[in-house]
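Chains as they are written, first to last, in my numbering: chain A, 1 to 279; chain B, 1001 to 1279.
In this text, a Cβ means the ideal position worked out from N, Cα and C, and glycines have one as well.
Report on the following structure.
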């Protein structure tokens, strides 16, 4: 249960004001070259927003990444903007550093999100259902090369996951980028820890950038903005994931993700705007 | 210059505090059945964020729609979260109603965005460029049926635009939905008013829902969350636009937009999460 433990938050009663403040810690080992993975930071914020909104599922969450998150204490401050019938909308800020210890603090992530209860939604008559798409066609897990964590790439948190990449997209195993900015693979936690809807916010940002398969050298691609839509709670088991970049222009690129559960249902979509690494 | 006039904002000096506050007005005629169009409201917020960040272009903007915007006075309050080297990130809230007149006010739109200067970016060496996509293949404007504004649908603001729809997607002219949740068309303002990057925030939400072509009856589809990425300032002339929905599940749907300028360049992408109209 490492992910649940490493994303735990605790409400601070010593911070009066319009915002609810949660203490947390950016744990060691969730970084890429010293900077915490964006989906991991977003999961910390998601846990605090879950608590502050008293709604279990992040239906739509958008993060702007302002500064790298370094291991150590952090606060997440959450302000409810509107508590509606179906959704509660809130803004949140993750500030890293410990102000009480006299250290400098800095805003690392700014978030806005709508939280709701996806079980309640699924149970109600939803009207039209239409799916123009399918889970990625992946060979069995055992035939897909696994990413093993190292010092920088693959990052150390790979050892806490089982992230198996489609053989056609596994340039790290074959030595050959596929030529297409596409990365497909299987995802679960190493100890088969259950994947809740906050963990999906991590899953959609856990894979290496798809542009590596288009021949862009592996490097830090800073995320400007990241949005995830969660459609349903995943069934237990593996996730089938697919990430694609179609447009690299003006130094920007988008990456679109889709995550499907073992029952073949779409559980999340993601899109991020990132900066191309400068040569 | 109706769009520029109807999205003008003016800084209020009578509101001290950490946020810059701008007075504006939700003008008559930009509504669908009495509720202001989301892209129009987002453009009002965009103008205020442009002013508060002192950066001209909305690179990534996300809006959560909290309550319908009705015609009348409104305030946009903007707080700069981080002024960085390339981008300034800010949050903003549009509140409709006039507190000074003793009327009730309510938060209608909550926004987070990163603003920058796209001219400066385009001028710098950007490294890799790669485009896996193309502008929609549209017949000449004269062969594409125009949407003419009415009481509710098409909405009255169509008369201030020239929005011509691909004949295959123009169910309103042919009486036949195409069977595919796809809507392609030409866009410009009626008086050929220049389209700046804030006007792109309107363009990406000006078309009717693509799901009508999949046979979902035309109805109000409430937007939960809307994100636009602006890649470049458009060249003068027509925009080629394309909107598609792939997944209608659990009462949710996404709609993805692409906007291309006359020079054939991708200028914006959009994605929204909306609710399926309940039967």
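- Chain order gives no chain A residues near residue 1172 of chain B, where near means a beta carbon separation below 7 Å; the closest approach is about 20 Å.
- A distance below 7 Å between beta-carbons, with the five flanking residues on each side excluded, links residue 1018 of chain B to the following residues of its chain, in chain order: 1079.
- Cβ atoms of residue 1135 of chain B and residue 1240 of chain B come within 8 Å of each other, at about 4 Å.
- Restricting attention to alpha helix (DSSP H) runs no shorter than 4 residues, the segment 1065-1106 of chain B encloses none.
- If you check each beta-carbon in the segment 1252-1270 of chain B against every beta-carbon of chain A, the ones closer than 7 Å belong to 1252, 1254, 1266, 1269.
- At a cut-off of 8 Å, the C-beta of residue 1248 of chain B has a neighbouring C-beta in chain A.
- When Cβ pairs closer than 8 Å are counted between the two stretches, the segment 1255-1266 of chain B is seen to touch the segment 1227-1240 of chain B, the count reaching three or more.
- Inter-residue distance for residue 1109 of chain B and residue 1046 of chain B is about 11 Å (C-alpha atoms, whole angstroms).
- For residue 1181 of chain B, the closest of B:1191, B:1169, B:1174 by C-alpha to C-alpha distance is B:1169.
- Bridge partners of residue 241 of chain A according to DSSP: A:185, A:259.
- Residues of the segment 1132-1164 of chain B whose Cβ lies closer than 7 Å to any Cβ of chain A, in chain order: 1132, 1133.
- In chain order, 1224, 1225, 1273 make up the part of chain B whose C-beta sits under 7 Å from the C-beta of residue 60 of chain A.
- Bounds of any alpha helix (DSSP H) do not take in residue 230 of chain A; it lies within the beta strand (DSSP E) bounded by 223-230.
- An exposed status is given to residue 1278 of chain B, since fewer than 16 other beta-carbon atoms sit within 10 Å of its beta-carbon.
- Assignment of beta-bridge partners to residue 1254 of chain B by DSSP yields B:1273.
- Within chain A, no C-beta atom comes nearer than 8 Å to that of residue 1052 of chain B; the closest sits roughly 15 Å away.
- For residue 1232 of chain B, the nearest beta carbon of chain A is closer than 8 Å to its own beta carbon.
- For residue 1008 of chain B, the three-state secondary structure derived from DSSP is coil.
- With the rule of 3 Cβ pairs closer than 8 Å, the segment 217-231 of chain A counts as touching the segment 1212-1232 of chain B.
- CA-CA distance, residue 117 of chain A to residue 1064 of chain B, rounds to 18 Å.
- Apart from sequence neighbours up to five positions away, the residues of its chain that approach residue 1177 of chain B with a beta-carbon distance below 8 Å are 1171, 1212, 1213, 1214, 1215, ordered along the chain.
- Assigned with DSSP and collapsed to three states, residue 179 of chain A falls in coil, not helix or strand.
- The three-state reading of DSSP puts residue 143 of chain A in helix, counting H, G and I together.
- Secondary structure note for residue 1247 of chain B: its beta strand (DSSP E) is the uninterrupted segment 1247-1249.
- Separation of residue 252 of chain A and residue 274 of chain A (C-alpha to C-alpha, rounded to the nearest whole angstrom) is 6 Å.
- Here residue 1192 of chain B has no same chain residue with a Cβ atom under 7 Å from its own Cβ, once five neighbours each way along the sequence are excluded.
- Between residue 206 of chain A and residue 75 of chain A, the alpha-carbon positions lie close to 23 Å from each other.
- In the DSSP annotation of this structure, the continuous segment of the beta strand (DSSP E) that includes residue 1165 of chain B starts and ends at 1161-1165.
- Taking a C-beta cut-off of 9 Å against chain A, the contacting residues of the segment 1179-1209 of chain B are 1180, 1181, listed in chain order.
- Across the structure, residue 194 of chain A and residue 55 of chain A are spaced so that their CA atoms are roughly 19 Å apart.
- Counting only Cβ-Cβ distances below 8 Å, residue 36 of chain A has no contacts in chain B at all, with the closest Cβ about 17 Å away.
- Excluding five sequence positions before and after residue 1077 of chain B, the CB atoms of its chain that fall closer than 6 Å to its own CB belong to 1019, 1021, 1093, given in chain order.
- Taking 7 Å as the Cβ-Cβ cut-off, the segment 58-84 of chain A approaches chain B at 59, 60, 62, 64, 66, 81, 82, given in chain order.
- DSSP places residue 51 of chain A inside the alpha helix (DSSP H), whose first and last residues are 38-53.
- The residues 6, 71, in chain order, have a CB closer than 8 Å to that of residue 27 of chain A in the same chain once the five nearest residues on each side in sequence are set aside.
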